[in-house]
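Report on one structure; see the data block that follows.
In the numbering used here, the protein residues as written are 1152 to 1380.
Written out as structure tokens, the structure is:
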């Protein structure tokens, strides 16, 4: 463990805590059985001796301690850095290359989940078309050929896309993330970034710049110009 942790970054995105999967599963099962026992007693049911025997057999303070240490380590980690890739700093419109991800990713909320979101007072996903019950963009916007690039902010979905980056990530890490997702291709040329949607002017940022709240909105240009313009 010491050999592994000694090679982890020091910016707080990683932590090493020794624990085996069997301990974790035993911890979960034991607490689930305890919960079932409580529910049975509340309903006036008879005690299940097999449950008690299993709980007593797995009731190890060492196992519990290892699991709690692992959970504590996870909670103590720094929060992820939210990064917003955009195509311009006027409307903060999304990158054309991310349209495919934003409309066809399997991680997008399903119709049933969207109905639950609405029922609980939430808003529809920005690219969800309720009349067709699917995600989509009109052809021109999807291909980056919109004849009105400065259309109203409500139509261009400003800051639509967000990347969850590890603390200490750099501009180059964002570039590689976008490239691996298919949103960008080619080689890195330059990048500009700013911290908010006020009148703050974007500034050039080198590849090795560490991301923070002051440069979380970023525009990256590559040798494939059609994907970011």
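The beta carbon of each residue, even a glycine, is placed where N, CA and C say it ideally should be. Since the model is a prediction, treat every value here as computed from it, not as a measurement.
Q: Following the continuous alpha helix (DSSP H) through residue 1267, name the residue where it begins and the one where it ends.
A: 1262-1270
Q: Compute the distance between the beta-carbons of residue 1337 and residue 1367, then report whether it is under 9 Å.
A: no
Q: Grab me the residues of residue 1361's own chain with a C-beta within less than 8 Å of its C-beta, minus the 5 sequence neighbours each way, in chain order.
A: 1319, 1320, 1321
Q | residue 1176 in three-state terms, based on DSSP | A | helix
Q: Going by DSSP, name the residue or residues bridged to residue 1372.
A: 1341
Q) So does the region 1347-1359 actually touch the region 1260-1276, counting three or more Cβ pairs closer than 8 Å? A) no
Q. Nearest-angstrom Cα distance between residue 1324 and residue 1174?
A. 35 Å
Q: Could you have a look at residue 1194 and say whether DSSP puts it in helix, strand or coil?
A: coil
Q: Please report the Cβ distance between residue 1176 and residue 1218, rounded to the nearest whole angstrom; I am assuming they are in contact, meaning their Cβ atoms lie under 8 Å.
A: The pair is not a contact, with the Cβ atoms about 10 Å apart (cut-off 8 Å).
Q) Which whole-angstrom value describes the C-beta separation of residue 1334 and residue 1248, a residue pair presumed to lie in contact below a C-beta threshold of 8 Å? A) 4 Å
Q.
I'd like to know whether the C-beta atoms of residue 1246 and residue 1315 end up nearer to each other than 9 Å.
A. no
Q: Flag this pair as yes or no: are the beta carbons of residue 1317 and residue 1231 separated by less than 9 Å?
A: yes
Q. What runs of the alpha helix (DSSP H), each 4 residues or longer, lie entirely inside the region 1310-1340?
A. 1322-1331
**Q.** Buried or exposed by the 16-neighbour rule on C-beta atoms within 10 Å, applied to residue 1253
**A.** buried
Q.
Can you look up residue 1348 in the DSSP assignment and give me helix, strand or coil?
A. coil
Q | residue 1349 versus residue 1216 - alpha carbon distance | A | 48 Å
(Q) So, at 6 Å on beta carbons, what are the nonlocal neighbours of residue 1153 in its own chain, with the 5 sequence-adjacent residues on each side left out? (A) none
Q: With DSSP collapsed to three states, give me the class of residue 1293.
A: With a pLDDT of only 45 at residue 1293, under 50, the local geometry of the prediction cannot be trusted, and the value read off the model is given with reservation. Three-state DSSP puts residue 1293 in a helix.
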